[in-house]
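K.L.:
Take this structure, written in structure tokens, and hold onto it; I'll ask about it next.
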């Protein structure tokens, strides 16, 4: 029990936990806003563009995270093609900022979010949509009454995997965020730092903290799953 | 049935042979910054003696933690400032060379002297963590002794380890970085350039190889230490800027 006191008083850990929750919150919103339409689109058609997008989105599953991070760094960095556009047009510097962590969480979790939704659309949903349209329902009614209720479980399954994956993300966050203490060090990065410098006890406590955060996420998702059946 | 038994026995024999091969290996642990010189040294030693060398890399804190945790390591390569206070029992020590701090910058820039760090065109300066890495510590001392601390305070980007500084120099994400000569020599073609920091501005960095008192392969480890004292090894070490 006495071991928990320094942990609770550790300002770095507290700040890292807060940062992790903020990143997770925004990433979750993005998973829902981008992941559902993207999964639906990929599940419905077999266009060449669709296959290319699916391939690109899936790459972070295959590449070592540090490689994904390095590629994004070259794209979004000061001299990268995207980085220059963002900095010039919006005055937004992604690298070393809070948004680089959101991006890392989003990119690594996205393939896990869309796969179950994609699969749901491949199967019976398209049939139901066609049926509802034939029966004279408007597109809006179809979306709210047919599509969303039917893919709810797939969305939750995808969200579950995506959120937990992004919670443990280290490689991409390290490369893009810089692992800067007090600014871009998530709990997972703090665990990495602690192991890296031989502070195994601290690593253990932080891992317990990450476990608690993920347990909370699991419980919330479970509740959502049971909420309406 | 007989053929099956025979092939099984053969497979078992092969597996045993593989294990017998690995038992002989010498294990050397080192800070990640020494990957290039140590890799070359190990290769040469292996060719000369036939003794296999396994290399373990990490940052010094992690490496020392692994050894304290009971990893079967024979030799450890690092700097005196980290090895000595670590409390590891060493049976022998070989001085390998001096670590040198350099200031490097990405392509498209040019720094004439360390004092240029104070100029407004230098917006970000990467430094390895002074609390955890020897070159971070040296960089910190240099900034203080050169009277640059105040001028660069808002530009400093403290990162976890030396290789991270290299990465951001290559990608151009920082305008300058403080790191070791060995690493810079490895990425020379991908960055703008570097200059040596006056060794008087930071405490000497003594790179040493220590033989652990409880090394599993003491005899082989002593041969490696003897090899390090030879002219060939010295040439390799010098070529890597140590």
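Chains as they are written, first to last, in my numbering: chain A, 1 to 229; chain B, 230 to 471.
Think of the CB as a built atom: it goes at the ideal place given N, C-alpha and C, for glycine as much as any other residue.
On a predicted model such as this, the values are computed, not experimentally measured, just so you know.
What is the DSSP secondary structure of residue 116(A), counted as helix, strand or coil?
P.N.:
DSSP places residue 116(A) in helix when its eight states are reduced to three.
K.L.:
Using a Cβ-Cβ cut-off of 8 Å, state whether residue 389(B) counts as contacting chain A.
P.N.:
At least one chain A Cβ lies under 8 Å of residue 389(B).
K.L.:
Tell me where the beta strand (DSSP E) around residue 308(B) begins and ends.
P.N.:
Looking at the DSSP string, the run of the beta strand (DSSP E) that includes residue 308(B) is 304-308.
K.L.:
Can you round the beta-carbon distance between residue 323(B) and residue 457(B) to whole angstroms, since I take them to be within the 8 Å contact cut?
P.N.:
About 5 Å separates the two Cβ atoms, so the contact holds.
K.L.:
Who does residue 435(B) pair with in a DSSP beta bridge?
P.N.:
Beta-bridge pairing links residue 435(B) to 327(B).
K.L.:
Where residue 202(A) and residue 191(A) are concerned, what is the direct C-alpha to C-alpha distance, given to the nearest angstrom?
P.N.:
Each residue's alpha carbon lies about 8 Å from the other.
K.L.:
Starting from residue 290(B), find everything on chain A with Cβ-Cβ shorter than 8 Å and list it in chain order.
P.N.:
Correct list: 196, 197, 198, 199.
K.L.:
When you check each C-beta in the segment 71-84 of chain A against every C-beta of chain B, which residues fall closer than 7 Å?
P.N.:
Residues passing the 7 Å Cβ filter: 73, 74, 77, 78, 79.
K.L.:
Closer than 7 Å by beta-carbon distance: list the chain A residues that pair up with residue 361(B), in chain order.
P.N.:
In chain order: 197.
K.L.:
Taking a cut of 9 Å between CB atoms, which residues from the segment 166-180 of chain A lie near chain B?
P.N.:
Correct list: 174, 175, 178, 179, 180.
K.L.:
How about residue 384(B) and residue 361(B): do their beta carbons lie closer than 8 Å?
P.N.:
No, the Cβ-Cβ distance between residue 384(B) and residue 361(B) is not below 8 Å.
K.L.:
Whether or not the segment 181-191 of chain A and the segment 67-74 of chain A are in contact is what I'm after, with contact meaning three or more pairs of Cβ atoms, one per stretch, closer than 8 Å; do they touch?
P.N.:
Touching, no, given that fewer than three Cβ pairs across the two stretches are closer than 8 Å.
K.L.:
List the residues of chain B whose Cβ lies closer than 7 Å to the Cβ of residue 193(A), in chain order.
P.N.:
389, listed in chain order.
K.L.:
Under a CB-based cut-off of 8 Å, is residue 220(A) close to chain B?
P.N.:
Not one chain B Cβ lies under 8 Å of residue 220(A).
K.L.:
Please name the residues in the segment 280-305 of chain B whose beta-carbon is closer than 9 Å to at least one beta-carbon of chain A, in chain order.
P.N.:
So the close ones are 287, 288, 289, 290, 291, 292, 293, 294, 295, 297, 298.
K.L.:
For chain B, find out if any of its Cβ atoms is closer than 8 Å to the Cβ of residue 114(A); answer yes or no.
P.N.:
No, its Cβ sits nowhere closer than 8 Å to a Cβ of chain B.
K.L.:
So that I know if they touch, is there some Cβ in chain A lying closer than 8 Å to that of residue 313(B)?
P.N.:
Judged by the 8 Å Cβ criterion, residue 313(B) is not in contact with chain A.
K.L.:
Excluding the five sequence neighbours on either side, which residues of its own chain have a C-beta within less than 7 Å of the C-beta of residue 372(B), listed in chain order?
P.N.:
Excluding residues within five positions, the ones whose Cβ falls inside 7 Å are 378, 381.
K.L.:
Going along chain A, which residues have a C-beta under 7 Å from residue 440(B)?
P.N.:
Going along chain A, no residue has its Cβ under 7 Å from residue 440(B), so there is no contact; the nearest lies around 21 Å.
K.L.:
Pick helix, strand or coil for residue 321(B), following the three-state DSSP scheme.
P.N.:
The answer is strand: DSSP assigns residue 321(B) an E or B state.
K.L.:
Identify, in the order they occur along the chain, each residue of the same chain with its Cβ nearer than 6 Å to the Cβ of residue 122(A), setting aside the five sequence neighbours on each side.
P.N.:
Result list for residue 122(A): 43, in chain order.
K.L.:
When the cut-off is 8 Å and only beta carbons count, does residue 401(B) lie next to chain A?
P.N.:
Yes, because at least one Cβ of chain A sits closer than 8 Å to the Cβ of residue 401(B).
K.L.:
Against residue 386(B), what residues of chain A qualify as contacts under a CB-to-CB distance less than 9 Å, listed in chain order?
P.N.:
Here the neighbours are 96, 178, 180.
K.L.:
Is the beta carbon of residue 465(B) closer than 8 Å to that of residue 277(B)?
P.N.:
No; because the gap between Cβ atoms is not below 8 Å, this pair is not in contact.
K.L.:
Where residue 54(A) and residue 262(B) are concerned, what is the direct C-alpha to C-alpha distance, given to the nearest angstrom?
P.N.:
When rounded, the distance between both Cα atoms is 38 Å.
K.L.:
Please name the residue, chosen from 367(B), 414(B), 453(B), 401(B), that lies closest to residue 309(B) on a Cα-to-Cα basis.
P.N.:
Comparing Cα-Cα distances from residue 309(B) to each of 367(B), 414(B), 453(B), 401(B), the minimum goes to 367(B).
K.L.:
Closest to residue 400(B) by C-alpha separation, out of 169(A), 178(A), 168(A), would be which residue?
P.N.:
Selected option, being the one with the closest Cα: 178(A).
K.L.:
With residue 215(B) as the anchor, note down where its beta strand (DSSP E) starts and where it stops.
P.N.:
Since the displayed chain B opens at 230 and closes at 471, residue 215(B) lies outside it and no answer follows.
K.L.:
In whole angstroms, give me the CA-to-CA distance for residue 180(A) and residue 468(B).
P.N.:
Going from the Cα of residue 180(A) to the Cα of residue 468(B) covers about 33 Å.
K.L.:
Whose C-beta lies closer than 6 Å to the C-beta of residue 132(A) among residues of the same chain, with five residues either side of it excluded?
P.N.:
Only 142, 146 meet the Cβ criterion.
K.L.:
For residue 407(B), which of 376(B), 327(B), 331(B) has the nearest alpha-carbon?
P.N.:
It is 331(B).
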